[in-house]
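Have a look at the structure below, then the notes.
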Amino acid sequence: MNDWGMSVLSQYPVTVRTTRKVRGALLCDTKEGLYLLSEYRGKQARLEAEAALLLYLAENGMVHTDQIIKNEKEELLSKNEEGTGYVLKMWYPWPECSVSSIGDLGQAVNSLARLHVSMRRMPKHLLIKQEKVQSEESKQDIIEGNAVTNTHKERQSLACQYEKHNRELRRVRAYLRRKKKKSVLEQFIQKSLDEMYNQADTVVRAMMDGGLYEVEEQAKKEGHLIHGAYHQHNVLIGQGQTAAVNFEQFRVDCQVCDLYQFLRKIMEKHNWNQELGMRLIREYNRVQNMSQKEISLLGFMIAYPEKYWKQVNFYFNNSKSWISEKNIEKIKKAVEQNSVRTAFADCLLQKQL
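Reading the sequence shown from the start, the letters are residues 1 to 353 in the working numbering.
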């Protein structure tokens with residue numbers, strides 16, 4: 001075992017048998033069970049709110065989750081000799097959701113729906129605690145002049161966020177038009193940008209005209225909580241059971257955002273297969289019934305070329321003279337999949353579940 005692992009684990013009432021490194025953390029097999037030790041860089045108040053949420057879900061929820069373990073001093077956060085903070089979580093001996101297993105994907109969206117149902121039933125005093133943390137983080141970011149992430153800020157409506165993305169695409173387009181000597185990648189971006197931008201602009205206008213901000217406003221008013229990072233790496237499946245883990249990015253928001261994030265990553269790997277996508281959405285809807293406006297919001301989120309914007313914006317904000325082959329492939333794939341992605345979005349917007 002490495003030194004930092006030993007110094008931190010010694011602060012807990014556990015007898016360690018073996019440890020091994022996994023995705024930026026340390027998986028610990030102990031006499032008391034399986035645990036995951038990982039670094040924590042967030043605020044103490046957020047950690048306490050997360051622990052309260054997880055405890056509520058463990059006692060009243062409809063899905064398994066990880067749990068933050070207190071050390072021998074009854075503290076959630078432990079530090080090594082250098083002062084770096086760590087948390088120890090109760091873990092599960094199950095593999096991550098397999099993106100190639102239709103059964104796993106169905107279980108994952110079913111689990112997400114049950115998680116959302118449980119979160120909507122959260123007692124008011126616990127919900128107020130979550131909302132207070134989110135509000136304080138937003139204020140602190142403004143005071144410190146920090147770049148505010150989606151996790152901590154008072155989120156704008158999705159249409160406003162997308163309009164900001166559109167301004168960034170226009171900036172890239174103007175830059176490329178001015179540039180005389182272009183690389184092969186820049187020629188590819190310039191050739192594809194008008195079509196992708198027009199599509200993005202159409203989505204924003206449709207969202208504003210459709211009054212879909214009301215869905216988001218209602219979710220915030222009623223205090224709907226979301227996981228914030230629900231993707232295949234944070235869903236463990238085994239023995240016919242499912243566990244949602246790593247709630248560090250939880251927040252009050254429209255729960256459709258969780259479903260969209262999971263679907264986008266999965267559907268990209270399945271080339272936006274309509275049959276699979278509708279099957280997963282229906283499975284979610286069977287447990288957590290969505291309103292027609294929520295379904296429309298999901299459809300427009302899928303219709304917006306987010307992957308393309310993300311990669312083009314990454315190119316523009318970093319060294320424009322060099323970009324990795326991996327990122328180049330992501331831009332090309334976003335363009336290649338554009339027609340099947342928009343076809344799926346249209347299918348969702350036109351169909352009743």
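Yeah, the Cβ is synthetic: ideal placement off N, Cα and C, and Gly gets one too.
Neighbourhood of R120 by C-beta, 7 Å cutoff - its chain only, sequence neighbours within 5 removed: The residue you call residue 120 lines up with position 120 of the sequence shown. Correct list, in chain order: H224.
Outcome for P305 when other beta-carbon atoms lying within 10 angstroms are tallied against a minimum of 16: Walking along the sequence shown from the start, residue 305 turns up at place 305. Classification for P305: buried.
Closest residue to V235 among Y92, K124, Y175 (Cα-Cα distance): Mapped onto the sequence shown, residue 235 falls at position 235. The residue with the shortest Cα to Cα distance from V235 is Y92.
Contact under 8 Å by Cβ, A159 with M196: By one-based count along the sequence shown, residue 159 stands at place 159. By one-based count along the sequence shown, residue 196 stands at place 196. Not closer than 8 Å, so no.
Cβ shell of Q311 (< 8 Å), same chain only, five flanking positions each side left out: To locate residue 311, count along the sequence shown from 1; it is residue 311. Here the set comprises N327, K330, I331, A334.
Cutoff 7 Å; reference L349; Cβ partners in own chain excluding five residues on either side: Residue mapping note: residue 349 aligns to position 349 of the sequence shown, counting from 1. The answer, listed in chain order, is S296, G299.
Among Y284, N273, W272, the one whose alpha carbon lies nearest that of L259: Stepping through the sequence shown from its first residue, residue 259 is reached at position 259. The option with the nearest alpha carbon to L259 is Y284.
Alpha-carbon spacing of L26 relative to Y162, whole angstroms: Here residue 26 refers to the residue found at position 26 of the sequence shown. Here residue 162 refers to the residue found at position 162 of the sequence shown. Computed Cα separation, rounded: 37 Å.
DSSP beta-bridge partners of A244: Mapped onto the sequence shown, residue 244 falls at position 244. T65, V235.
Terminal residues of the alpha helix (DSSP H) in which G277 lies: The residue given as residue 277 occupies position 277 in the sequence shown. That run of the alpha helix (DSSP H) goes 274-287.
Beta-bridge pairing of A252 - partner residues as DSSP gives them: Walking along the sequence shown from the start, residue 252 turns up at place 252. The question names Ala, but residue 252 is Val in the sequence shown. Bridge partners of V252: L225.
Presumed contact (8 Å Cβ cut-off) between L276 and V109, rounded CB distance: By one-based count along the sequence shown, residue 276 stands at place 276. By one-based count along the sequence shown, residue 109 stands at place 109. At roughly 11 Å, the Cβ-Cβ gap does not stay under 8 Å, so L276 and V109 are not in contact.
Touch test, the stretch 36-49 against the stretch 82-89, Cβ-Cβ under 8 Å, three pairs minimum: yes
Backbone CA spacing between K220 and S157 [nearest angstrom]: On the sequence shown, position 220 is the one that residue 220 refers to. On the sequence shown, position 157 is the one that residue 157 refers to. Answer to the nearest angstrom: the Cα atoms are 11 Å apart.
Where K73 falls, given that 16 or more other Cβ within 10 Å makes a residue buried: The residue given as residue 73 occupies position 73 in the sequence shown. Answer is exposed; the Cβ neighbour count stays below 16.
Own chain, CB closer than 7 Å to E96, minus 5 neighbours either side, in chain order: The residue labelled residue 96 in the question sits at position 96 within the sequence shown. Q232, H233, V235, L236.
Sub-8 Å separation of T18 and K31 beta-carbons: The residue labelled residue 18 in the question sits at position 18 within the sequence shown. The residue labelled residue 31 in the question sits at position 31 within the sequence shown. Not in contact: T18 and K31 (Cβ atoms no closer than 8 Å).
T202 classed as buried or exposed, judged by whether at least 16 other C-beta atoms fall within 10 angstroms: Here residue 202 refers to the residue found at position 202 of the sequence shown. Classification of T202: exposed, given that the 10 Å Cβ count is below 16.
Identity of the residue in V287, S339, L169 nearest Q107 by Cα: Position 107 of the sequence shown, counted from the first residue, corresponds to residue 107. It is V287 whose Cα lies nearest to the Cα of Q107.
Rounded straight-line distance, which links the Cα of R177 to that of Y230: Locating residue 230 in the sequence shown gives position 230, where the first residue counts as 1. Locating residue 177 in the sequence shown gives position 177, where the first residue counts as 1. Roughly 38 Å separates the two Cα atoms.
Outcome for I128 when other beta-carbon atoms lying within 10 angstroms are tallied against a minimum of 16: Counting from one through the sequence shown, the residue named residue 128 turns up at place 128. Classification for I128: exposed.
Residues bridged to C28 (per DSSP): Position 28 of the sequence shown holds residue 28. DSSP lists T19, Y35 as partners of C28.
Candidates Q292, E136, Y12: closest to K89 by CA position: One-based indexing of the sequence shown puts residue 89 at position 89. The shortest C-alpha separation from K89 is found at Y12.
DSSP-derived helix/strand/coil call for A147: For the purposes of this step, residue 147 is identified with residue 147 of the sequence shown, where counting begins at 1. Because the pLDDT at A147 is just 46, under 50, the model does not fix this residue reliably, and the value given afterwards should be weighed accordingly. Coil at A147, not helix or strand.
Cα-Cα separation, Q364 to L105: The structure shown does not extend to residue 364, since the chain spans only 1 to 353, so no value can be given for it.
Residue range of the beta strand (DSSP E) that includes L349: As a first step, residue 349 is located in the sequence shown; it is residue number 349 there, counting from the start. It is not in any beta strand (DSSP E) - L349 instead sits in the alpha helix (DSSP H) that spans 338-350.
Reduced DSSP secondary structure (H/G/I, E/B, other) of S78: The residue you call residue 78 lines up with position 78 of the sequence shown. S78: strand per DSSP, three-state reduction.
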